[in-house]
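Below: one structure, written as structure tokens.
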Amino acid sequence: MFRYVLIVMLMIAGWGTGAGCRTAGQETGTAPSARPQPESPRPSSSPEKAAAPGVTTAPGATPTTGPAPSVTTAPAGADLGVLPLPSGAVVYVAGGLDPAAREVDVLVHFHGAPHIVVREVGLARLQAVVIIVNYKGLSATYEKPYSEPERFASLLAEARDELRTRGRLASDARWRHVCLSSFSAGYGAVRALLLQSKYYEQIDGVYLADSLYAGWKDDVPYSGANPTNMAPFRRLASDAVAGRKTLLVSHSYYDPQKYAGTHVTADDLVTHVGLARRAVDEAGPADMRIASRAEAGQFSVWGCTAPAEAHGRHLQNMHYWLARLPISTSGATAP
């Protein structure tokens, strides 16, 4: 009996939770991480409260759980219409995009179960080529490959070639707007790309779904986010305020303590561009509440709470923010 229980426990620890019967408000994505080496905590069975001071503490200190366990499989019988790529990513065409179009928007999403990403892109009514990239591991597993100078260009090329071969993209089609989104650990890839000038210039918009962590400044807890870790995102925030780029940031109030959580890094960006948050109490998507906001130009930050699984809610409700990226849409976005 003991051997049987041990085997079951090991299976659960290794596989995470399934999503077969979960609804839109219950699925979770893959677990987050941080850079340089701080990593997001393991899922917790008991709620934790955020510890950040001031307006970055959610009204009423709404409890939030730790990062959610991994879900990588679609509900049974689901046909997502995605095509596998040689790199291990998947690609599909969203929103009835005209296969004869010569200018096409592309969204590359890092870290998140494809069936959730497909659903959220659909709710946002995006008309674009969508590429979904997942690796097993923490933020370094995303940052390392996309630090290679040709990796991102190769990803876009293989997606384009696959769609052309299948007649879903015109032979002379070119990318119009290139946008990135990431959940949790996926920010590692976003950081790597923003640090490369040729990709920084190519990228038009970024959405970080509770997805930016950093070390503490001078390795002193609560001293602020490490400036080196934040540098490419600070640059992007400044360009977004000036209207040259788009940067959207939604975050929870979970406090990992050993490193700067997403609410601290969001504060860093807000301060860097000379803004101040304002406390609000607004309805967000599904059961999420918006507790604070800051915006200027094409830079926006939303501090969000949720009754449970606050981290995963950002992935599960990405449509609310994806529709604000510079990507063509086919109509009104779902609430």
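All residue numbers in the sequence shown are consecutive under the numbering used here, ending with 332. Here a beta-carbon is modelled for each residue, glycine too, at the ideal position from N, C-alpha and C. What you are looking at is a predicted structure, and each value in this text was computed from that prediction instead of being measured.
Among the bridge pairs identified by DSSP, Leu191 is matched with none.
For Val267, the uninterrupted alpha helix (DSSP H) run begins and ends at 259 to 269, by DSSP.
The criterion of a C-beta distance shorter than 8 Å is satisfied by Trp172 and Val101.
When DSSP states are grouped into helix, strand and coil, Val115 belongs to the helix group. Judged by beta-carbon spacing, Ile200 lies beyond the 8 Å limit of Leu166, meaning their Cβ atoms are not closer than that value. In the DSSP assignment, Tyr204 forms a beta bridge with Ser178, Leu245. One alpha carbon belongs to Leu120, the other to Met315, and they sit about 9 Å apart.
Using a 10 angstroms sphere on the CB of Val217, the tally of other CB atoms stays under 16, which defines it as exposed. The DSSP-derived three-state label of Glu147 is coil. Gly78 is classed as exposed because its beta carbon has fewer than 16 other beta carbons within 10 Å across all chains shown. Collapsing the DSSP output to three states places Arg231 in a helix.
For Arg310, the enclosing alpha helix (DSSP H) stretches over residues 307 to 313.
According to the DSSP assignment, Trp318 belongs to the alpha helix (DSSP H) that extends over 316 to 319.
Counting only the Cα atoms, Phe180 lies some 15 Å from Val127. DSSP, reduced to helix, strand and coil, places Ala110 outside both helices and strands of the structure shown, so it counts as coil. Val238 sits away from Ala263, with the two beta carbons spaced by 8 Å or more. By DSSP's assignment, Leu80 forms a beta bridge with Val88. Straight-line spacing of the CA atoms in Ser247 and Val203 works out to 11 Å. Annotated three-state conformation of Val277 is strand, per DSSP. Sequence-distant partners of Ala293 (beyond 5 residues in either direction) whose C-beta falls short of 6 Å from its own C-beta, in its chain, are Val238, Leu272. Nearest C-alpha to Ile324 among Leu266, Gly92, Pro83, Pro224: Gly92. Counted as a single uninterrupted DSSP element, the beta strand (DSSP E) harbouring Val130 occupies residues 125 to 130.
Around Pro229, the same chain offers Arg188, Leu191, Leu192, Tyr197 as residues with beta carbons nearer than 8 Å, after the five sequence neighbours per side are excluded. In this structure, Val90 and Leu152 do not form a Cβ contact; the two beta carbons are roughly 16 Å apart against a cut-off of 8 Å. Excluding five sequence positions before and after Ala320, the CB atoms of its chain that fall closer than 8 Å to its own CB belong to Ala121, Arg122, Leu123, Thr326, Thr330, given in chain order. Using a Cβ distance threshold of 8 Å, His269 and Gly183 do not count as a contacting pair. Counting along the chain, the unbroken beta strand (DSSP E) around Arg286 starts and ends at 286 to 293. Residue pairing from DSSP places Leu104 in a beta bridge opposite Val127, Cys176.
Ala137 and Ser144 have their C-alpha atoms spaced approximately 10 Å apart. In the three-state reduction of the DSSP assignment, Ala222 falls in the strand class, which pools E and B. Residue environment analysis places Ala154 among the exposed positions, since fewer than 16 neighbouring C-beta atoms fall within 10 angstroms of its C-beta.
Closest in alpha carbon position to Arg99, among Ser249, Ser168, Gly212, Cys301, is Ser168. Close CB contacts of Asp236 within its chain, under the 7 Å cut and outside five residues either way in sequence, are with Lys242 (chain order). Between Tyr139 and Gly212, the gap from beta carbon to beta carbon reaches 8 Å or more. Boundaries cannot be given for Ser168, as no beta strand (DSSP E) includes it and DSSP labels it neither H nor E. The bridge partners DSSP lists for Thr138 come to none.
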